[in-house]
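What follows is a single structure, written as structure tokens, with notes after it.
Number of protein chains: 2
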Amino acid sequence: MYSNVVVRAPLHIQVAERLRLLIDSGELAPSTRLNENELCQNMGVSRTPLREAIRSLATEGLVELQPNRGAIVSVVSHDDVTEILPIMASLEGLAGRLAALHMQTDQIKQIRQIHNQMVTHYQKNEVTEYFETNRLIHELITEGSGNQTLVDTINSLSAKVRRARFSAQMTRESWAKAVSEHEEMITALEARDPNRLEAILIQHVETKRTTILGSLQQSQ
Amino acid sequence: MYSNVVVRAPLHIQVAERLRLLIDSGELAPSTRLNENELCQNMGVSRTPLREAIRSLATEGLVELQPNRGAIVSVVSHDDVTEILPIMASLEGLAGRLAALHMQTDQIKQIRQIHNQMVTHYQKNEVTEYFETNRLIHELITEGSGNQTLVDTINSLSAKVRRARFSAQMTRESWAKAVSEHEEMITALEARDPNRLEAILIQHVETKRTTILGSLQQSQ
DNA sequence: CGGGTTTATTTTGCATACAAAATACGTTAT
DNA sequence: ATAACGTATTTTGTATGCAAAATAAACCCG
Chain A
297 MYSNVVVRAP LHIQVAERLR LLIDSGELAP STRLNENELC QNMGVSRTPL REAIRSLATE
357 GLVELQPNRG AIVSVVSHDD VTEILPIMAS LEGLAGRLAA LHMQTDQIKQ IRQIHNQMVT
417 HYQKNEVTEY FETNRLIHEL ITEGSGNQTL VDTINSLSAK VRRARFSAQM TRESWAKAVS
477 EHEEMITALE ARDPNRLEAI LIQHVETKRT TILGSLQQSQ
Chain B
297 MYSNVVVRAP LHIQVAERLR LLIDSGELAP STRLNENELC QNMGVSRTPL REAIRSLATE
357 GLVELQPNRG AIVSVVSHDD VTEILPIMAS LEGLAGRLAA LHMQTDQIKQ IRQIHNQMVT
417 HYQKNEVTEY FETNRLIHEL ITEGSGNQTL VDTINSLSAK VRRARFSAQM TRESWAKAVS
477 EHEEMITALE ARDPNRLEAI LIQHVETKRT TILGSLQQSQ
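So the protein lines, in turn, are chains A and B. Just so you know, we're using the numbering used here here: the first sequence kicks off at 297 and counts up by one. Just so you know, we're using the numbering used here here: the second sequence kicks off at 297 and counts up by one.
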């Protein structure tokens, strides 16, 4: 007999996921205080699993615990981003290097297709769709490394940078540069050239850095 | 009037620290089940802060949650180490590059002193002291990067590798190689040569890799 | 004996209760 | 009016209680 048991995740995990989403979407903005009773009511759970979830998010760095004063949504400062981006560059470079060596040919073809979509979105000035496809490409290359720890590490850092919300400030010029770098990326991947792909990805993050830090207000 | 208030950390943080120590020291061995009542009695706290601590350790990756069956000390497998080491190489390389650029001269002199101590321990075959000074040097270089996020990321990965416990299996040969690489490291640091230091650190982790994975039994 | 099923015990998951700290409020005095 | 103090309320931190799941033990039947 087949098992009918629906193994549903523990409450504190479900709650953590929802909170993560709320924070990531900006619905819970940085420095917002997390009121336990309020959140409990909204989510229909008691304080115990909620608090467990908050503790998890704290070790992830998404919220900051303030003893006897609860937790606030952590603020990603200019300095944080300055610290994170070189790390991202190094890790994305490594991921690209590994991806060039290990990815299946049909997976690379898929990335090329998404890249073409992205270019179309760029030409039509469809910002949201552009960012979505852009993100997907980076995600696929990262996953193409075949190194799950690397994927997790990059995602965790990437999430923090994303929360700094700079995207709107992208200039015509830096956007064009990013797209052309992407073209080079895909070419290097198709040629399975690890050194070149690594170099481009590192350069790409550098471009991102100037874009972001140019527009981000000092010490947010 | 000066404040006399002793701001002591919340219980769940103290508990998490103690558990981290127990796991790191091997007193709580991998795959050991964490019995809540037992631990509560040992530590003299109730289940609530203990459980919060366990959730934190779970997101850190030190323990693994098994729904309805509690938590076990996570097992660092051969594959985990295989994934982690290239990441460490990349990040330690970056840290070295930054350290060569930013470290104060007197800090570099201090590292040279510790390095000399380490060499003495090597010559006298004092394994424990060797590893301790070795660890300290890597820590100081990493911190010398001036990038706290980088320090945290490296430490978190490093802790996992350390828990795999391979150190005893180091051969005469690989030990000698590690020491000579260290000599090169310090020289490059004193010369403030970022590229060279980065390259050596990456190579150094590669040496470590062959040492570790040579001795670690498959799929622990 | 041994395999399988039922019952008892333990252990976890979640909710609630109580105490301490922090915040908000109101009162008084200047 | 406002600054400062004291009190009330809210909010967090920790402990405990109860129900469900998992494990261990007892039991039955072949």
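Beta carbons: idealized from backbone N, C-alpha and C, even for Gly.
If we require 4 or more residues per run, which alpha helix (DSSP H) segments fall completely within the segment 373 to 426 of chain B? Qualifying alpha helix (DSSP H) stretches, in chain order: 374 to 398, 401 to 419.
In this structure, how does DSSP classify B:Ala-487 when only helix, strand and coil are distinguished? Of the three classes helix, strand and coil, the one that applies to B:Ala-487 here is coil, per DSSP.
Name, please, each residue of chain A whose Cβ falls closer than 9 angstroms to the Cβ of B:Gln-362. Listed along the chain, the chain A residues whose CB falls inside 9 angstroms of the CB of B:Gln-362 amount to none; the nearest CB is some 10 angstroms away.
Quick one: which chain B residues come within Cβ less than 8 angstroms of A:Ser-386? Those within 8 angstroms of A:Ser-386 in chain B are Ser-386, Leu-387, Gly-389, Leu-390.
Cutting at 7 angstroms between CB atoms, please list the residues of its own chain near A:Asp-489, excluding the five before and the five after it. Taking A:Asp-489 as the centre and dropping the five residues before and after it, the same chain places the C-beta of Ala-396 closer than 7 angstroms to its C-beta, in chain order.
Thinking A:Leu-485 and A:Ile-404 are a contact (beta carbons under 8 angstroms), I'd like their distance in whole angstroms, please. That belief holds up - the Cβ atoms of A:Leu-485 and A:Ile-404 are roughly 6 angstroms apart, short of 8 angstroms.
Which class does A:Val-447 belong to by DSSP, given the choice of helix, strand or coil? Residue state, collapsed to three classes: helix.
First and last residue of the beta strand (DSSP E) that includes B:Leu-361? If you look at B:Leu-361, you'll find it in the beta strand (DSSP E) that goes 359 to 361.
Do B:Ala-391 and B:Ile-437 have their beta-carbon atoms positioned less than 8 angstroms apart in this structure? Yes. Within cutoff.
Reduced DSSP secondary structure (H/G/I, E/B, other) of A:Gly-492: Here residue 492 of chain A is Arg; the residue named in the question, Gly, does not match the sequence. Note: A:Arg-492 maps to helix in three-state DSSP.
Bridge partners of B:Leu-330, per DSSP? Answer is B:Ala-367, bridged to B:Leu-330.
Beta-carbon within less than 8 angstroms of B:Ser-342's beta-carbon, same chain only, minus the 5 sequence neighbours each way: which residues are those? Closer than 8 angstroms at Cβ, skipping near neighbours: Cys-336.
Between the C-alpha atoms of B:Ala-345 and B:His-308, what's the straight-line distance to the nearest angstrom? The question names Ala, but residue 345 of chain B in the sequence shown is Pro. Roughly 4 angstroms separates the two Cα atoms.
Looking at chain B, is there any beta carbon in it that lies within less than 8 angstroms of the beta carbon of A:Ser-352? Using a CB distance cut-off of 8 angstroms, A:Ser-352 counts as an interface residue toward chain B.
Contacting residues, own chain, Cβ-Cβ under 7 angstroms from B:Glu-480 (five flanking each side not counted): Non-local C-beta neighbours of B:Glu-480 in its own chain, meaning closer than 7 angstroms and more than five positions away in sequence, comprise Ile-496, ordered along the chain.
Establish whether the CB of B:Gln-310 and some CB of chain A are separated by less than 8 angstroms. At a cut-off of 8 angstroms between C-beta atoms, B:Gln-310 does not count as an interface residue with respect to chain A.
Rounded to a whole number of angstroms, what is the C-alpha to C-alpha distance between B:Leu-353 and B:Val-359? When rounded, the distance between both Cα atoms is 6 angstroms.
The segment 377 to 386 of chain B contacting the segment 446 to 459 of chain B, beta-carbon criterion three pairs below 8 angstroms: Because the criterion of three Cβ pairs below 8 angstroms is met, the segment 377 to 386 of chain B and the segment 446 to 459 of chain B touch.
According to DSSP, is B:Ala-460 part of a helix, a strand, or is it coil? B:Ala-460: coil per DSSP, three-state reduction.
By alpha-carbon positions, which one of B:Asn-421, B:Met-466, B:Thr-483 ends up nearest to B:Arg-505? Among B:Asn-421, B:Met-466, B:Thr-483, the Cα nearest to that of B:Arg-505 belongs to B:Met-466.
Whether B:Gln-406 touches B:Thr-429 by CB criterion (8 angstroms): No, they are not a contact pair.
Beta-carbon spacing of A:Glu-477, A:Thr-507 below 8 angstroms: Cβ atoms of A:Glu-477 and A:Thr-507: not closer than 8 angstroms.
Looking at C-beta atoms only, is the number of pairs between the segment 416 to 425 of chain B and the segment 365 to 374 of chain B that lie closer than 8 angstroms three or more? Three or more Cβ pairs closer than 8 angstroms define a contact, and the segment 416 to 425 of chain B falls short of that threshold against the segment 365 to 374 of chain B.
Whole angstroms is fine: what's the gap from B:Glu-356's alpha carbon to A:Arg-393's? Counting only the Cα atoms, A:Arg-393 lies some 27 angstroms from B:Glu-356.
Quick one: measure Cβ to Cβ for B:Ala-385 and B:Val-501, integer angstroms, because I've assumed they're closer than 8 angstroms. B:Ala-385 to B:Val-501, Cβ: 4 angstroms. Contact.
Closest Cβ-Cβ distance between A:Glu-348 and chain B: below 8 angstroms? Yes, A:Glu-348 counts as interfacial toward chain B.
Put B:Val-341 into one of helix, strand or coil per three-state DSSP. For B:Val-341, the secondary structure class from DSSP, reduced to helix, strand or coil, is coil.
In chain A, which residues lie less than 8 angstroms from B:Pro-382 when you measure between Cβ atoms? Within chain A, the residues placing a beta-carbon under 8 angstroms from that of B:Pro-382 are Leu-390, Leu-394, Asn-443, Leu-446, ordered along the chain.
What in chain B is Cβ-close to A:Glu-439, meaning under 7 angstroms? Counting only Cβ-Cβ distances below 7 angstroms, A:Glu-439 has no contacts in chain B at all, with the closest Cβ about 13 angstroms away.
Using the beta-carbon of each residue, which ones in chain B are nearer than 8 angstroms to A:Thr-507? Chain B residues near A:Thr-507: none, gap ~20 angstroms exceeds 8 angstroms.
With 8 angstroms as the limit, tell me which residues of the segment 478 to 500 of chain B have their beta carbon closer than that to any beta carbon of chain A; keep them in chain order. Correct list: empty, as no residue qualifies.
Would you call the CB atoms of B:Glu-388 and B:Ile-319 closer than 8 angstroms? Going by C-beta atoms, B:Glu-388 is not nearer than 8 angstroms to B:Ile-319.
Taking 8 angstroms as the CB-CB limit, is B:Pro-306 close to chain A? So, interface residue.
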